[in-house]
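Undergrad: Our numbering runs 85 ahead of the 1-based position in the sequence shown.
Take this structure first; my questions come after.
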Amino acid sequence: MAATTSQQRWRAKNRPVKSQLNVMARAQVHGFLTEAAQAFDLKGKAEAVSFAAYLTQGLRQQAEHNPEARRLLDLLAGAYHRDRDMYAP
Numbered sequence: 086m087a088a089t090t091s092q093q094r095w096r097a098k099n100r101p102v103k104s105q106l107n108v109m110a111r112a113q114v115h116g117f118l119t120e121a122a123q124a125f126d127l128k129g130k131a132e133a134v135s136f137a138a139y140l141t142q143g144l145r146q147q148a149e150h151n152p153e154a155r156r157l158l159d160l161l162a163g164a165y166h167r168d169r170d171m172y173a174p
């Protein structure tokens with residue numbers, strides 16, 4: 086772990102760039118996470134991230150056996166890659 090003075094220096098230098106150290110996604114993505122948390126009765130955005138990873142893994146596993154799941158996964162992956170600049174930090 087960095088020394089306290091090093092952390093303070095880094096925060097002072099980067100304060101205009103980021104208001105919080107843990108904010109890594111665009112506001113739109115935070116909105117999506119909030120919506121997912123509400124829609125699926127999750128405890129918050131952090132759990133929504135875990136749930137999204139869980140869903141992705143489940144869809145990947147289904148795609149191995151189900152052509153419709155494969156088609157859906159390919160569509161979503163293609164759409165993300167096409168629009169990734171909108172979602173990237």
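Just so it is clear, CB atoms sit at the ideal spot from N, CA and C, and this is done for glycine as well.
It should be emphasised that the depicted structure is a prediction, and the values quoted were computed from it without experimental measurement.
1. Could you pull the start and end residues of the alpha helix (DSSP H) that Gly-129 belongs to?
2. Less than 7 Å between the beta carbons of Gln-147 and Ala-154, yes or no?
3. Taking Cβ to Cβ, would you say Ala-122 is nearer than 7 Å to Gly-129?
4. Measure the beta-carbon distance from Ala-133 to Leu-118 and round it to whole angstroms, keeping in mind my assumption that it falls under 8 Å.
5. Roughly how many whole angstroms lie between the Cα atoms of Phe-125 and Ala-131?
6. Using DSSP with H/G/I as helix, E/B as strand and the rest coil, what is Ala-154?
TA: Inspection of the coordinates gives the following:
1. Locating residue 129 in the sequence shown gives position 44, counting from the first residue. Taken as a continuous stretch (DSSP letters only), Gly-129 belongs to no alpha helix (DSSP H), as it is neither H nor E.
2. Taking the first residue of the sequence shown as position 1, residue 147 is located at position 62. Taking the first residue of the sequence shown as position 1, residue 154 is located at position 69. Cβ distance < 7 Å, so Gln-147 and Ala-154 count as in contact.
3. Position 37 of the sequence shown, counted from the first residue, corresponds to residue 122. Position 44 of the sequence shown, counted from the first residue, corresponds to residue 129. In this structure, Gly-129 lies closer than 7 Å to Ala-122 by Cβ.
4. Reading the sequence shown from its first residue, position 48 is the one you call residue 133. Reading the sequence shown from its first residue, position 33 is the one you call residue 118. Rounded, the Cβ-Cβ distance is 4 Å, consistent with contact.
5. Residue 125 sits at position 40 when you count from the first residue of the sequence shown. Residue 131 sits at position 46 when you count from the first residue of the sequence shown. Cα to Cα, Phe-125 sits roughly 13 Å from Ala-131.
6. Here residue 154 refers to the residue found at position 69 when the sequence shown is read from its first residue. The answer is helix: DSSP assigns Ala-154 an H, G or I state.
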